[in-house]
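Protein chains in written order, with UniProt numbering: chain A, 1 to 279; chain B, 1 to 279.
Backbone N, C-alpha and C define an ideal beta-carbon position, used for all residues, glycine too.
Computed from a prediction, not measured in an experiment: that's the story for all the values here.
Data block below; observations after.
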C-alpha cells in the first residue's frame, strides 16, 4: 500500500470546516497510510470565490511547489479556477512536476492546463467536498484508493492503450477556445454535465465539436444529471445529442463513460497514466 | 416612407397563430406601407424546434431567395438556428443578397453567418414574437420603423463611423469558435444576456475574450437581465465583470449598450449600415 501526503486547496469555491473534518475522519479511519493537510485558503470567502484570485493562485502554488506533498487535491469545484490557472502554472517549480493533481468539474481548467504544460499527473477524480454524506464518501474513497495505488476506481472503459481525458462539458468548451487547452490528439474525450437544459447540452456539443481539433480518438458521454424541466421536451436524449453532433462533425462516438456529478463518478488519469481498468 | 415586403420564418423555435395575428394587426393599423407574410413553418413543432432542421433551413432559404420579399424577419429566438445556419447559407441565391435580415438572441447565429458571407444586411432588432404585449410592441415598432427607413430606434451609441455588431453573449461565444464567425476587426461588439447566473456571465466573458481575435474596437455591455438568484452573491456586478475581463485581455471597454431582452432593445445594423443615431 502506497502512502500519499495530500495537500488540499480550493481554486474555485470554498468548503467549510465540517467538510474538512469529514474528510479527515474518513482518512484517519480508513486510509491511515495517507496524510491530508487543508490549506487555510480552503475556508476563505470572497463573494462567489474561496478568496480573491491572488489568494487562490498563491495557495495552489504553495501546495504544488512544496516538496513535502505528493498530491494536490482540489477541495471543490463551483466556478473560478479558470481565473487563476495561467498565473498559477507560471509560478510552478520542479517539485510541482512530481505531483498528482486530482479533482473534476470546474477544476478541469487546472487539470487541462497542467496536462498541457506536462506538470505532474492530472486526474479526474471525486473531491473532498463530498466526504460529508455516505453516498459522497463512496466517490471520495475511490480517489483515496487511487492515491494509494489501488486502481479499482478507474473508469471501466480505460484500456491502458488509448490516452484519455475527462471533463465537465461546459468546462471543456471554455478550455478548448483558450490557451489552457492541451493537445488531445488520439485521446478519448469523456464529457459529463449537470444542471443544464438539453438545449444547452445540444448547444455545447455544437461548440465543442467545432472547437476540438481533428484527430481525437472519439467522445464518450458521461452522466448528464439534474437536467431542469423545460416548457417543452427537447425531443432528443442526451445520448442522441452526442451521437448527432459526433456524426455531423465526423468524430467517433464511443458510448457512455462512468463520470459525472453522481456517486458513480470514476477516476480518469489523464493521458496513459493508468493500466487498463479491471472491468 | 419606404415600404417593405417582409417574409417571416422561424429558424429556432415556433410561434403560435396568435403571435402572428398580433403582428399582422399591428402592421395593418400602424404600418400599412409594409406587408408581412408568415411562412407556415413558423407554426411547425418538432420537440424543442419549429420543425426539423431540414424544414427550418428550407423555409429560411424559401424566404431569402424569393424576389418578392425585401426583408426576412426571424419570428423568435429560443435555440436552434446554429443547427441550420451553414446549410441555409450554402443554398442562398442572388435575391438573398439584396435583403435585410432582422432578429436577435439565438438568431444571432444567422446574423453572424450572413454577415460573414456578405449576404444582405444583418440587423439586430426586436422580433415578431413580442407583438402580443403592449410593452413588447414598443420594440416591434422599432424594427418596423427601421424597415421603413426611420432610424429613430437605433442603438444610441452608433456613431455612423465605427462598424458594430450586437449579440447575445452565449450566442457570440458559440459563434466565435465556429465557421459562422465574421471578421469583426475594428468593430464595436455589443453583448447582452438573459437568465444566466453572474458566475456564468463571468465564465462567458473568459471565453469570449479568449476567442475574439485581437483588433476589435471594444466591447459594450447590453442589459444583463433575469439573473437567477444564487446561493451567494457573486461579488461583482455584470459591468464589473465586463470591465475585469476587458482590462485583463487588453480589450477596450466602451460602456453600456441599449440592447437586451428588454423593452429597450434597440436596432443595431451590422457593420456601417446606418447613419449616426440621433441621441
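*Under 8 Å between the Cβ atoms of residue 206 of chain A and residue 48 of chain B?*
The residue labelled residue 206 of chain A in the question sits at position 206 within the first chain. The residue labelled residue 48 of chain B in the question sits at position 48 within the second chain. No.
*Cβ of residue 183 of chain A less than 8 Å from any chain B Cβ?*
By 1-based counting over the first chain, the position of residue 183 of chain A is 183. No, residue 183 of chain A lies away from the interface with chain B (no Cβ there is under 8 Å from its Cβ).
_Closer than 8 Å to chain A by CB, residue 203 of chain B_ = On the second chain, residue 203 of chain B is found 203 positions in, with the first residue counted as 1. So yes, residue 203 of chain B belongs to the interface.
*Sequence-distant residues of the same chain with beta carbon closer than 8 Å to residue 210 of chain B, five excluded per side*: For this step, residue 210 of chain B is matched to residue 210 along the second chain. Result list for residue 210 of chain B: 249, in chain order.
*For residue 258 of chain A versus residue 138 of chain A, is the C-beta distance shorter than 8 Å?*
The residue you call residue 258 of chain A lines up with position 258 of the first chain. The residue you call residue 138 of chain A lines up with position 138 of the first chain. No, they are not a contact pair.
*asked:* Could you give the first and the last residue of the continuous alpha helix (DSSP H) run that contains residue 20 of chain B?
replied: On the second chain, position 20 is the one that residue 20 of chain B refers to. Its alpha helix (DSSP H) spans residues 17-30.
*Use the C-beta contact count for residue 126 of chain A: other C-beta atoms within 10 angstroms, 16 or more gives buried, fewer gives exposed.*
Locating residue 126 of chain A in the first chain gives position 126, where the first residue counts as 1. Residue 126 of chain A comes out buried.
_I want to verify the contact list: residues of chain B whose CB lies under 8 Å from the CB of residue 233 of chain A, in sequence order._
The sequence position of residue 233 of chain A within the first chain is 233, counting from 1. 47 and 48, listed in chain order.
_I need the straight-line Cα distance from residue 203 of chain A to residue 67 of chain A, nearest angstrom please._
In the first chain, the residue the question calls residue 203 of chain A occupies position 203. In the first chain, the residue the question calls residue 67 of chain A occupies position 67. Each residue's Cα considered, the two are about 43 Å apart.
*If we ignore side chains and look at the alpha-carbon of each, how far apart do residue 172 of chain B and residue 5 of chain A end up?*
What you label residue 172 of chain B is simply residue 172 of the second chain in a count that begins at 1. What you label residue 5 of chain A is simply residue 5 of the first chain in a count that begins at 1. Going by the C-alpha atoms only, they are around 44 Å apart.
*Presumed contact (8 Å Cβ cut-off) between residue 175 of chain A and residue 146 of chain A, rounded CB distance*: Taking the first residue of the first chain as position 1, residue 175 of chain A is located at position 175. Taking the first residue of the first chain as position 1, residue 146 of chain A is located at position 146. Actually they are not in contact, since the Cβ atoms of residue 175 of chain A and residue 146 of chain A sit about 23 Å apart, beyond 8 Å.
*Can we say the region 54-69 of chain A touches the region 95-110 of chain A, given the rule of at least three CB pairs closer than 8 Å?*
yes
*asked:* Could you check whether the Cβ of residue 211 of chain A sits closer than 8 Å to any Cβ belonging to chain B?
replied: As a position in the first chain, residue 211 of chain A is number 211, starting the count at 1. For residue 211 of chain A, the answer is yes, since a Cβ of chain B falls inside 8 Å of its Cβ.
*asked:* In this structure, how does DSSP classify residue 189 of chain B when only helix, strand and coil are distinguished?
replied: Walking along the second chain from the start, residue 189 of chain B turns up at place 189. Strand.
*In chain order, what residues of the same chain have a beta carbon less than 8 Å from the beta carbon of residue 254 of chain A, not counting five sequence neighbours either side?*
The residue given as residue 254 of chain A occupies position 254 in the first chain. Closer than 8 Å at the Cβ level, and outside the excluded window around residue 254 of chain A, lie 157, 188, 217, 218, 219 and 220.
*asked:* If you reduce the DSSP assignment to three classes, tell me which class residue 265 of chain B lands in.
replied: Within the second chain, numbered from 1, the residue matching residue 265 of chain B stands at position 265. DSSP places residue 265 of chain B in coil when its eight states are reduced to three.
_Amino acids of chain B, ordered along the chain, whose beta-carbon sits closer than 9 Å to that of residue 178 of chain A_ = Taking the first residue of the first chain as position 1, residue 178 of chain A is located at position 178. Neighbours of residue 178 of chain A on chain B, chain order: 206, 207, 210 and 211.
_Could you tell me the alpha carbon to alpha carbon distance between residue 112 of chain B and residue 247 of chain B, rounded to whole angstroms?_
Translated into positions along the second chain, residue 112 of chain B becomes position 112. Translated into positions along the second chain, residue 247 of chain B becomes position 247. For residue 112 of chain B and residue 247 of chain B, the distance between alpha carbons rounds to 26 Å.
*Quick one: which unbroken beta strand (DSSP E) runs of 3-plus residues sit fully inside the region 72-136 of chain A? Chain order, please.*
100-103 and 121-124
*Spatial neighbours of residue 269 of chain A in its chain, beta-carbon cut-off 7 Å, leaving aside the 5 residues before and after*: For this step, residue 269 of chain A is matched to residue 269 along the first chain. Correct list, in chain order: 121 and 123.
*Any beta-carbon of chain B closer than 8 Å to the one on residue 82 of chain A?*
Along the first chain, one-based indexing puts residue 82 of chain A at 82. Chain B, which has a Cβ nearer than 8 Å to the Cβ of residue 82 of chain A, makes this yes.
*Where DSSP assigns a beta bridge to residue 165 of chain B, which residues make up the other side?*
As a working note, residue 165 of chain B is residue 165 in the second chain. Per DSSP, B/189.
_Looking at the secondary structure, which residues open and close the beta strand (DSSP E) in which residue 270 of chain B lies?_
Numbered from its first residue, the second chain carries residue 270 of chain B at position 270. Premise fails: residue 270 of chain B is in no beta strand (DSSP E) and is neither H nor E.
*Return the residues of the region 233-257 of chain A that lie within a Cβ-Cβ distance of less than 8 Å from chain B, sorted by chain order.*
233, 234, 235 and 236
*Quick one: is residue 127 of chain A near chain B, going by C-beta distance under 8 Å?*
In the first chain, the residue the question calls residue 127 of chain A occupies position 127. It does not: the Cβ of residue 127 of chain A has no partner Cβ on chain B nearer than 8 Å.
*Is the region 226-243 of chain B close to the region 70-88 of chain B, with three or more CB pairs under 8 Å?*
no
*Any C-beta of chain B sitting closer than 8 Å to the C-beta of residue 115 of chain A?*
In the first chain, the residue the question calls residue 115 of chain A occupies position 115. So, not an interface residue.
*residue 118 of chain A: buried (16+ other C-beta within 10 angstroms of its C-beta) or exposed?*
For the purposes of this step, residue 118 of chain A is taken as the residue at position 118 of the first chain. Flag for residue 118 of chain A reads exposed.
*Unbroken beta strand (DSSP E) run spanning residue 7 of chain B, endpoints*: Translated into the one-based positions of the second chain, residue 7 of chain B becomes position 7. Note, residue 7 of chain B: beta strand (DSSP E), 5-9.
*Going straight from the alpha carbon of residue 190 of chain B to that of residue 163 of chain B, what length do you get?*
The residue you call residue 190 of chain B lines up with position 190 of the second chain. The residue you call residue 163 of chain B lines up with position 163 of the second chain. In a straight line, the C-alpha of residue 190 of chain B is about 11 Å away from that of residue 163 of chain B.
*Look at residue 9 of chain A and residue 34 of chain A and say whether their C-beta atoms are less than 8 Å apart.*
On the first chain, residue 9 of chain A is found 9 positions in, with the first residue counted as 1. On the first chain, residue 34 of chain A is found 34 positions in, with the first residue counted as 1. Cβ atoms of residue 9 of chain A and residue 34 of chain A: not closer than 8 Å.
*Round the Cβ separation of residue 192 of chain B and residue 80 of chain B to the nearest angstrom and send it over; I've been treating them as touching at under 8 Å.*
Here residue 192 of chain B refers to the residue found at position 192 when the second chain is read from its first residue. Here residue 80 of chain B refers to the residue found at position 80 when the second chain is read from its first residue. Actually they do not touch by this definition, with Cβ atoms about 19 Å apart.
*Going by CA-CA distance only, name the one from A/105, A/236 and A/184 that's closest to residue 129 of chain A.*
The residue labelled residue 129 of chain A in the question sits at position 129 within the first chain. Checking every option, the nearest Cα to that of residue 129 of chain A belongs to A/105.
*asked:* For residue 244 of chain B, which residues in the same chain have their Cβ closer than 6 Å to its Cβ, ignoring the five residues on either side in sequence?
replied: Start at 1 with the first residue of the second chain, and residue 244 of chain B comes out as number 244. Excluding positions up to five away in sequence, the list is empty.
*Counting along the chain, where does the beta strand (DSSP E) carrying residue 36 of chain B start and finish?*
If you number the second chain from 1, residue 36 of chain B lands on position 36. Start and end: 35-38.
*Hey, residue 198 of chain B and residue 241 of chain B: beta-carbon distance below 8 Å or not?*
As a first step, residue 198 of chain B must be located in the second chain, where it is residue number 198. As a first step, residue 241 of chain B must be located in the second chain, where it is residue number 241. In this structure, residue 241 of chain B lies closer than 8 Å to residue 198 of chain B by Cβ.
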